[in-house]
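*Asks:* To convert, note that position 19 of the sequence shown is 18 in numbering that gives the first Met the number 0; the numbers rise steadily by one, no gaps.
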Amino acid sequence: MNRQQRNKLYDNQQRAFNQGTVEQINDQWIFFDEETEEANMLDDFHQQEMEIFRMNRWRRGILFESGKIRLGNEVIMLRDHDQVRIKKHLVYSLERLLEGINDDAFFQFVTTLNSLGFSIYDCIYCYNHLSFLSEEQRKDGVNFIVFDNQEQICNVQHHFFYFEKVNDRFEFTLNTGKRLIIEKMIS
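As structure tokens, this is what we get:
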């Protein structure tokens, strides 16, 4: 699995974007989040990836100036009440963890999480013990990750052992009591 395939899996996650509309008020662009009903200055998202709904499809670009989105070589000016989606950031420690595990473990973890109704963007807490062992030859321990999709909570324990063999074990526990364990071993 190359970087492009991983990015595609990131992009296909539910709740990967904050969606809403924009309005220009007193010469300032304001983003109104449709889920939380919060208003934020659009300048707070400067240089972030975002999508704008134009010509019946979402077009991806970067907010580079107030009211302007760069889509490749094209620049689009925002209009009042345009629908936009702003890409969410992953919790930093989860992002480092996902980058650090092998492709098979990554794919199994993300697809299992998705099958339970959660997205990697639902992460509210991640303790990445693996990041503290970067200099060690033998790495073993547990990472703790908590997800909240607004309907349920999912706690994941990632048990890892990386030495002569690579072993990743993910234990998913939902607040309903449902449990699921997946394990990936590579010799």
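Heads up, the beta-carbon is just placed ideally off N, CA and C, and yes, glycines get one too.
Using the C-alpha atoms, what's the distance from Phe160 back to Ile24?
*Replies:* As a working note, residue 24 is residue 25 in the sequence shown. As a working note, residue 160 is residue 161 in the sequence shown. Taking the straight line joining both Cα atoms gives about 54 Å.
*Asks:* Which value, in whole angstroms, describes the spacing of the CA atoms of Leu77 and Gln13?
*Replies:* By 1-based counting over the sequence shown, the position of residue 77 is 78. By 1-based counting over the sequence shown, the position of residue 13 is 14. The straight-line gap from Cα to Cα measures roughly 25 Å.
*Asks:* Using the C-alpha atoms, what's the distance from Ala15 back to Met184?
*Replies:* What you label residue 184 is simply residue 185 of the sequence shown in a count that begins at 1. What you label residue 15 is simply residue 16 of the sequence shown in a count that begins at 1. Their Cα atoms are separated by approximately 30 Å.
*Asks:* Where do the N-terminal and C-terminal ends of the beta strand (DSSP E) with Arg189 fall, by residue?
*Replies:* Absent from the structure is residue 189, since the part of the chain shown begins at 0 and ends at 186.
*Asks:* How long is the line joining the alpha carbons of Asn39 and Phe30, rounded to whole angstroms?
*Replies:* Taking the first residue of the sequence shown as 1, we reach residue 39 at position 40. Taking the first residue of the sequence shown as 1, we reach residue 30 at position 31. Roughly 5 Å between the two C-alpha positions.
*Asks:* From Ile51 to Glu73, what distance separates their C-alpha atoms?
*Replies:* Position 52 of the sequence shown, counted from the start, is the residue given in the question as residue 51. Position 74 of the sequence shown, counted from the start, is the residue given in the question as residue 73. Using only the alpha carbons, I get a separation of about 13 Å.
*Asks:* Where does the unbroken beta strand (DSSP E) through Glu73 begin, and where does it stop?
*Replies:* Locating residue 73 in the sequence shown gives position 74, where the first residue counts as 1. Where Glu73 is concerned, the enclosing beta strand (DSSP E) stretches over Glu73 to Met76.
*Asks:* Tell me the start and end of each unbroken beta strand (DSSP E) in the segment 61 to 123 that is at least 3 residues and wholly inside, in chain order.
*Replies:* For the segment 61 to 123, whole beta strand (DSSP E) runs of length 3 or above, ordered along the chain, are 67 to 70, 73 to 76 and 82 to 86.
*Asks:* Closest to Ser114 by CA distance: which of His88, Lys138, Ile180 and Asn6 is it?
*Replies:* For the purposes of this step, residue 114 is taken as residue 115 along the sequence shown, with counting starting at 1. Considering only alpha carbons, the answer is Ile180.
*Asks:* For Asp103, collect the residues of the same chain with a Cβ closer than 6 Å to its Cβ; drop the 5 residues on either side in sequence, then sort them by chain order.
*Replies:* Counting from one through the sequence shown, the residue named residue 103 turns up at place 104. Here the set comprises Lys183.
*Asks:* Just confirm the distance between the C-beta atoms of Met49 and Arg84, as a whole number of angstroms; I'd bet it's less than 8 Å.
*Replies:* In the sequence shown, residue 49 corresponds to position 50, counting from 1. In the sequence shown, residue 84 corresponds to position 85, counting from 1. Going by Cβ atoms, the distance from Met49 to Arg84 rounds to 6 Å, so yes, they are a contact pair.
*Asks:* Between which two residues does the beta strand (DSSP E) containing Arg178 stretch?
*Replies:* Here residue 178 corresponds to residue number 179 of the sequence shown, with the count starting at 1. Its beta strand (DSSP E) spans residues Arg178 to Ile185.
*Asks:* Assuming contact is defined by CB atoms lying nearer than 8 Å, are Ile144 and Asn174 in contact in what I supplied?
*Replies:* As a first step, residue 144 is located in the sequence shown; it is residue number 145 there, counting from the start. As a first step, residue 174 is located in the sequence shown; it is residue number 175 there, counting from the start. Cβ distance not < 8 Å, so Ile144 and Asn174 don't count as in contact.
*Asks:* Residue range of the alpha helix (DSSP H) that Asp10 falls in?
*Replies:* As a position in the sequence shown, residue 10 is number 11, starting the count at 1. Taken as a continuous stretch (DSSP letters only), the alpha helix (DSSP H) holding Asp10 covers Arg2 to Asp10.
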